[in-house]
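Peer 1: Encoded as structure tokens, here's the structure I'll be asking about.
In the numbering used here, the protein residues as written are 18 to 108.
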């Protein structure tokens with residue numbers, strides 16, 4: 018699951034993600050998308066049906082990041098990546 022979300026996010030233009038070493042979360046950098054992390058979180062929920070947390074939920078230095086859990090099935094993770102990619106093309 019970690020590899021699915023890690024590689025999937027890195028294929029989306031404007032998102033860069035480091036491979037997590039533990040836990041079931043990723044914290045990708047979304048600064049290149051040019052939108053605040055709170056606005057991006059709202060956009061992804063509304064347009065892609067994917068729930069993420071804005072990085073600022075974890076402090077002011079979290080701006081430009083979002084947090085996603087990958088504690089789900091591989092099938093659902095692939096769907097989420099696909100939905101995010103499609104929604105972000107329209108951003």
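For glycine and all other residues, C-beta sits at the position ideal for the given N, C-alpha and C.
1. Pull up the distance between the alpha-carbon of residue 70 and that of residue 50, whole angstroms please.
2. Pull up the distance between the alpha-carbon of residue 47 and that of residue 80, whole angstroms please.
3. Which partner residues does residue 43 have in the DSSP bridge list?
4. If I'm right that residue 43 touches residue 95 with Cβ under 8 Å, what's the distance once you round it to whole angstroms?
5. For the ligand SAM, is there any heavy atom lying closer than 7 Å to the beta carbon of residue 91?
6. Taking all protein chains shown into account, decide if residue 26 is buried (16 or more other Cβ within 10 angstroms of its Cβ) or exposed.
Peer 2: In brief:
1. Their backbone Cα atoms lie some 16 Å apart in a straight line.
2. Rounded to whole angstroms, the gap between the alpha carbons of residue 47 and residue 80 is 9 Å.
3. 85
4. Going by Cβ atoms, the distance from residue 43 to residue 95 rounds to 15 Å, so no, they are not a contact pair.
5. Inclusion of the ligand SAM in the displayed structure is not the case, the ligand content being empty and no account of it being possible.
6. buried
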